[in-house]
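To convert, note that position 331 of the sequence shown is 331 in the UniProt record's numbering; the numbers rise steadily by one, no gaps.
We treat Cβ as the ideally placed atom computed from N, Cα and C, and that holds for glycine.
The structure appears right after this line, and notes come after that.
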Amino acid sequence: MAAPGGCRLLLRLGRRWLSQEPAVPPPPPPPPPPPGPLYPPVVASHTARSKAARRRRLEHFQRQVHEAASVEEKLRLYGKLQRPKYTVHPQTFALNADRWYRSFTRTAFVPGLPAEAAEEPGPAEEAGVELGALRSLACDALLQESFYQKKRRPFLYRDQEHTPGPFVTQLVSSLAASLCGHNPLLAASSLDLNPEVNYYWHHGEEVVVHGHRKGRVDPVRFQIDDKPHLQLRVPKQLPEIVPLESDLGDVPVIDHKPSKLPLFKKQYENKVFIGSKVSDPCCYGHTQFHLIPDKLKRERFIIANLEDQIEVVYRANGVASLFAWTAAQAMYQGFWNEADVTRPFVSQAVVTDGKYFAFFCFQLNTLALTAETVKNNPRKNICWGTDSKPLYDVVEEGSVKGFNDEVLLQLVRFLLNRPKEL
1 MAAPGGCRLL LRLGRRWLSQ EPAVPPPPPP PPPPPGPLYP PVVASHTARS
51 KAARRRRLEH FQRQVHEAAS VEEKLRLYGK LQRPKYTVHP QTFALNADRW
101 YRSFTRTAFV PGLPAEAAEE PGPAEEAGVE LGALRSLACD ALLQESFYQK
151 KRRPFLYRDQ EHTPGPFVTQ LVSSLAASLC GHNPLLAASS LDLNPEVNYY
201 WHHGEEVVVH GHRKGRVDPV RFQIDDKPHL QLRVPKQLPE IVPLESDLGD
251 VPVIDHKPSK LPLFKKQYEN KVFIGSKVSD PCCYGHTQFH LIPDKLKRER
301 FIIANLEDQI EVVYRANGVA SLFAWTAAQA MYQGFWNEAD VTRPFVSQAV
351 VTDGKYFAFF CFQLNTLALT AETVKNNPRK NICWGTDSKP LYDVVEEGSV
401 KGFNDEVLLQ LVRFLLNRPK EL
């Protein structure tokens, strides 16, 4: 009978022994969160004229564009605010317009073409291209428009639509069709006739001098409205020519107002457009073809003793048109002045009056051209270009005399340009 009592005693002693162990202290409670502000932060008014208010409006606009759900929405927000802007015409009679256009677009001009675009492909047969067949295509297109067809006399200042325009259209379409077997990119390309190209951007600052906003500091707004004769769009991007940070020349610094060029201000829709919608698979540019208008023919400059301005017309056209087209392509990929490009964008252009041809290559290295972003931006856009050269001398008695194979070969090199993986 004593055994059960002894067990109870041992259990009691065990409990007492266990209870005499030092207990682990519980963790301290977390500190209470700091009390929130009783009142919302004091910020500048959206409608005030102070610098803080202007900065807040700008930050709100940039945040909206950054958070846009799609490229279409980003482009809509980017061009939402309409103010008077300078309309830039790529084909202009203004003297030395190419220097002004390079200043507006932060572009360095390099005479000649880059090595990749100017290198000889060896004999044409080595590249799989029959030069004789291509020369025959070009001569047939020229004779068809200038000799075989009996055309009426063109209207005043419409000569470029009479013979040069149809000739360039037939020449480019024939060459592109013939070279599709040597460049798979051409087979998947889209050829646009008389497309519309637009680009809107800011560069520099100015003080508003008229109206109810007099005295405010505004960005200087520009828009290029271009209409090339033809353009080739492709689904894959052309390869870069030089690295993104390359510095191959100086950008002209012009301290005068653009109205001294002259440029004129208008207020209308701000538009960024490459000639197709954002959803188009051919969203990269390959080559543009521009026709010099009849009012800018070289004969008119020679009569006015302005021979030095003949090549200026070609350069200004090449710089402005290629900047607008290439920058719009970059914006279609989601880049803009507050989110600069992370890779170069390359496009080509041929500027001609039907007889003389000039070739240009453009590499877009930056979109950050506003007064705030340009301060710490070492990048420059680069444009390579040649002087104009004649494709032929004259068309007489049903034959083309003095045909220039060098110009034709350069045109073929442009059309054969493609990404390295193809």
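Could you work out which residue in the options is closest to residue i when comparing CA atoms only?
| i | options | result |
| --- | --- | --- |
| Asn-305 | Pro-243, Leu-95, Ser-259 and Asn-417 | Leu-95 |
| Arg-83 | Lys-271, Phe-345 and Thr-47 | Lys-271 |
| Glu-338 | Tyr-78, Glu-72 and Ala-53 | Tyr-78 |
| Asp-250 | Pro-166, Ala-324, Lys-295 and Ser-103 | Ser-103 |
| Asn-377 | Leu-367, Leu-191 and Lys-227 | Leu-367 |
| Gln-91 | Leu-263, Leu-171 and Cys-139 | Leu-263 |
| Pro-114 | Leu-248, Pro-195, Thr-169 and Pro-32 | Leu-248 |
| Ala-371 | Val-278, Arg-106 and Ser-173 | Arg-106 |
| Lys-266 | Ile-292, Leu-232, Ile-310 and Val-220 | Val-220 |
| Gln-237 | Phe-345, Asn-183, Val-395 and Asp-280 | Phe-345 |
| Ser-197 | Arg-55, Ala-320 and Pro-40 | What sits at residue 197 in the sequence shown is Val, not Ser. Ranking Arg-55, Ala-320 and Pro-40 by Cα distance to Val-197 puts Ala-320 first. |
| Cys-383 | Thr-373, Val-350 and Val-400 | Val-350 |
| Lys-297 | Leu-75, Asp-159, Lys-151 and Arg-55 | Asp-159 |
| Val-253 | Leu-408, Ala-138, Trp-100 and Asn-317 | Trp-100 |
| Gly-385 | Arg-379, Cys-361 and Val-374 | Cys-361 |
| Gly-257 | Arg-55, Cys-139, Ile-302 and Glu-205 | The residue asked about is misnamed: residue 257 is Lys in this sequence, not Gly. If we check each option's Cα against that of Lys-257, Glu-205 comes out closest. |
| Ile-292 | Ser-388, Pro-281 and Ser-279 | Ser-388 |
| Ser-279 | Tyr-332, Arg-56 and Ala-328 | Tyr-332 |
| Gln-410 | Ser-50, Ala-188, Leu-175 and Leu-81 | Leu-175 |
| Tyr-314 | Cys-283, Trp-336 and Phe-359 | Phe-359 |
| Lys-260 | Thr-373, Val-88 and Glu-130 | Val-88 |
Taking the C-alpha atoms as reference points, what is the distance between residue i and residue j?
| i | j | result |
| --- | --- | --- |
| Asn-404 | Pro-390 | 7 Å |
| Ile-224 | Gly-398 | 41 Å |
| Ala-133 | Ser-146 | 20 Å |
| His-180 | His-60 | Inspection of the sequence shows that residue 180 is occupied by Cys rather than by His. Roughly 48 Å between the two C-alpha positions. |
| Val-412 | Phe-222 | 34 Å |
| Pro-123 | Arg-135 | Caution applies to Pro-123, whose pLDDT of 44 falls short of 50 and renders its modelled position unreliable; the model cannot decide the point. |
| Lys-295 | Leu-156 | 10 Å |
| Leu-416 | Lys-85 | 38 Å |
| Tyr-199 | Ala-48 | 30 Å |
| Ala-69 | Ala-330 | 17 Å |
| residue 431 | Trp-325 | There is simply no residue 431 to check, as the chain begins at 1 and stops at 422 in what is shown. |
| Lys-420 | Ile-241 | 12 Å |
| Lys-401 | Asp-393 | 6 Å |
| Leu-230 | His-290 | 7 Å |
| Phe-323 | Lys-277 | 19 Å |
| Thr-163 | Gly-354 | 8 Å |
| Ile-302 | Pro-154 | 22 Å |
| Ala-127 | His-66 | With a pLDDT of 49 at Ala-127, under the threshold of 50, the predicted position of this residue should be treated as unreliable, though the coordinate-derived value follows. Their Cα atoms are separated by approximately 46 Å. |
| Phe-75 | Leu-422 | Contrary to the premise, residue 75 reads as Leu rather than Phe in this sequence. Rounded to whole angstroms, Leu-75 to Leu-422 spans 32 Å at the Cα level. |
| Pro-166 | Leu-364 | 31 Å |
List the endpoints of the continuous alpha helix (DSSP H) containing residue i.
| i | result |
| --- | --- |
| Pro-111 | From DSSP, Pro-111 is part of no alpha helix (DSSP H) but of the beta strand (DSSP E) over 107-111. |
| Leu-367 | First-last for Leu-367: undefined, no H or E at that position. |
| Asn-317 | 310-332 |
| Phe-371 | In the sequence as displayed, the identity of residue 371 is Ala instead of Phe. Neither: Ala-371 is in no alpha helix (DSSP H) and is coded neither H nor E. |
| Leu-175 | 164-179 |
| Asp-140 | 131-143 |
| Phe-155 | Note, Phe-155: premise wrong, no alpha helix (DSSP H); not H, not E. |
| Phe-301 | 298-303 |
| Leu-38 | It is not in any alpha helix (DSSP H) - Leu-38 carries neither H nor E in the DSSP assignment. |
| Leu-422 | Neither: Leu-422 is in no alpha helix (DSSP H) and is coded neither H nor E. |
| Pro-184 | 184-187 |
What's the call for residue i, buried or exposed, on a 16-neighbour Cβ count within 10 Å?
| i | result |
| --- | --- |
| Glu-406 | exposed |
| Asp-255 | exposed |
| Ser-45 | exposed |
| Pro-243 | exposed |
| Glu-125 | Confidence at Glu-125 is low in this model, with a pLDDT of 41, below 50, so the placement of that residue should be treated as unreliable; the coordinate-derived value is given next. Looking at its Cβ environment, which holds fewer than 16 other Cβ atoms inside 10 Å, Glu-125 is exposed. |
| His-210 | exposed |
| Asp-98 | buried |
| Asn-194 | exposed |
| Val-341 | buried |
| Ser-347 | buried |
| Asp-192 | buried |
| Arg-343 | exposed |
| Lys-380 | buried |
Tell me which residue opens and which closes the beta strand (DSSP E) that residue i is part of.
| i | result |
| --- | --- |
| Glu-396 | 394-396 |
| Ala-358 | 356-364 |
| Arg-221 | 217-226 |
| Gln-231 | 230-234 |
| Ile-254 | Per DSSP, Ile-254 belongs to no beta strand (DSSP E) and is neither H nor E. |
| Cys-383 | 381-385 |
| residue 423 | No answer is possible for residue 423: the residues shown for the chain start at 1 and end at 422. |
| Glu-206 | 197-207 |
| Ala-349 | 345-352 |
| Leu-191 | 190-193 |
| Ser-399 | 399-401 |
For chain C, find out if any of its Cβ atoms is closer than 9 Å to the Cβ of residue i; answer yes or no.
| i | result |
| --- | --- |
| His-229 | In the structure shown, chain C does not exist; there is a single protein chain. |
Taking only heavy atoms of the ligand COA into account, decide whether any of them is closer than 8 Å to the Cβ of residue i.
| i | result |
| --- | --- |
| Asp-225 | In the structure shown, the ligand COA is absent, as is every other ligand, since no ligand is present at all. |
Can you list the beta strand (DSSP E) stretches of 3 or more residues lying completely in the region 41-102, in chain order?
Within the region 41-102, the complete beta strand (DSSP E) runs of at least 3 residues are 85-88.
Write down every uninterrupted run of the beta strand (DSSP E) in the region 238-295 whose length is 3 residues or greater and which is fully enclosed by it, in chain order.
284-291
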